[in-house]
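This report concerns only the one structure given below.
Numbering (UniProt numbering), first residue to last: 1 to 200.
Next comes the structure, spelled out in structure tokens:
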């Protein structure tokens with residue numbers, strides 16, 4: 001399952017009545033919430049609701065879509081997650097999709113949603129192939145993860161696709177992991193500027 005960051009600490013679900021024995025030595029983050037506990041690893045739906053509480057919307061959303069895409073969440077588990085979230089956060093489950101191929105794409109879609117930009121995902125463009133996002137039928141957005149697009153052959157293929165897309169009237173914007181995660185203001189500004197050009 002994809003996560004936005006790897007938590008350094010261990011999280012332990014204690015149930016409602018659990019207690020810590022050696023809090024100074026453990027270094028664990030304890031979660032005291034209701035639910036039926038078993039020994040071992042918490043079910044994915046429980047882990048996701050705790051992830052929301054500890055790490056917030058973006059972490060939760062990317063992890064949730066990743067788990068759904070990997071068929072780790074049944075319909076009952078998804079319903080459990082939605083009901084366990086605060087009412088103000090349930091829209092995240094409603095926005096989620098099972099076809100998100102990477103957490104980075106989930107993060108981009110969530111952030112664009114928050115600034116009012118609607119996207120189509122995993123779109124096949126004739127002559128170009130499948131692209132991550134198309135915005136308003138004119139702007140292609142590619143989210144290049146850490147492990148993708150690093151060798152010369154892949155980079156060449158991406159540039160060829162971008163050139164074909166340009167010939168078809170698209171503007172292609174390509175952002176890497178670091179830009180999306182750490183420099184979102186720059187990414188958002190570039191996307192909004194490209195949309196303004198496309199609308200002119």
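A virtual CB, placed ideally from N, CA and C, is assigned to each residue, including glycine.
Give a yes or no on whether the C-beta atoms belonging to residue i and residue j are separated by under 8 angstroms.
{"i": "residue 164", "j": "residue 127", "result": "yes"}
{"i": "residue 121", "j": "residue 109", "result": "yes"}
{"i": "residue 140", "j": "residue 172", "result": "yes"}
{"i": "residue 138", "j": "residue 158", "result": "no"}
{"i": "residue 3", "j": "residue 77", "result": "no"}
Which residues mark the beginning and the end of the alpha helix (DSSP H) in which residue i is found?
{"i": "residue 141", "result": "Here residue 141 belongs to no alpha helix (DSSP H); instead the beta strand (DSSP E) covers 139 to 144."}
{"i": "residue 174", "result": "No alpha helix (DSSP H) holds residue 174; the beta strand (DSSP E) holding it covers 171 to 176."}
{"i": "residue 186", "result": "184 to 199"}
{"i": "residue 44", "result": "44 to 55"}
{"i": "residue 91", "result": "90 to 95"}
{"i": "residue 167", "result": "152 to 167"}
{"i": "residue 103", "result": "103 to 114"}
{"i": "residue 78", "result": "75 to 84"}
Express the C-alpha separation of residue j and residue i in angstroms, rounding to a whole number.
{"i": "residue 49", "j": "residue 168", "result": "44 angstroms"}
{"i": "residue 83", "j": "residue 89", "result": "10 angstroms"}
{"i": "residue 97", "j": "residue 65", "result": "6 angstroms"}
{"i": "residue 81", "j": "residue 152", "result": "42 angstroms"}
{"i": "residue 71", "j": "residue 200", "result": "42 angstroms"}
{"i": "residue 186", "j": "residue 5", "result": "21 angstroms"}
{"i": "residue 181", "j": "residue 131", "result": "20 angstroms"}
{"i": "residue 87", "j": "residue 57", "result": "13 angstroms"}
{"i": "residue 196", "j": "residue 46", "result": "42 angstroms"}
{"i": "residue 194", "j": "residue 107", "result": "20 angstroms"}
{"i": "residue 189", "j": "residue 44", "result": "36 angstroms"}
{"i": "residue 176", "j": "residue 184", "result": "11 angstroms"}
{"i": "residue 142", "j": "residue 133", "result": "7 angstroms"}
{"i": "residue 93", "j": "residue 68", "result": "11 angstroms"}
{"i": "residue 105", "j": "residue 118", "result": "14 angstroms"}
{"i": "residue 170", "j": "residue 91", "result": "31 angstroms"}
{"i": "residue 191", "j": "residue 111", "result": "12 angstroms"}
{"i": "residue 145", "j": "residue 100", "result": "13 angstroms"}
{"i": "residue 54", "j": "residue 166", "result": "43 angstroms"}
I'd like the span of the beta strand (DSSP E) that includes residue i, first residue to last.
{"i": "residue 133", "result": "129 to 135"}
{"i": "residue 120", "result": "120 to 125"}
Can you find the residues in the same chain that come closer than 6 angstroms, C-beta to C-beta, to residue i, ignoring five residues on each side of it along the sequence?
{"i": "residue 154", "result": "none"}
{"i": "residue 95", "result": "none"}
{"i": "residue 73", "result": "67"}
Which residues in the same chain have their Cβ closer than 7 angstroms to the Cβ of residue i, if we skip the five residues on either side of it in sequence?
{"i": "residue 52", "result": "60, 85 and 89"}
{"i": "residue 179", "result": "186 and 187"}
{"i": "residue 161", "result": "128 and 129"}
{"i": "residue 113", "result": "95"}
{"i": "residue 115", "result": "188"}
{"i": "residue 198", "result": "136, 138, 139 and 171"}
Please determine whether the Cβ atom of residue i lies at a distance below 7 angstroms from any heavy atom of the ligand NAP.
{"i": "residue 165", "result": "In the structure shown, the ligand NAP is absent, as is every other ligand, since no ligand is present at all."}
So with Cβ pairs under 8 angstroms, would you call residue i a contact of chain D?
{"i": "residue 189", "result": "No chain D appears in the structure shown, which is made up of a single protein chain."}
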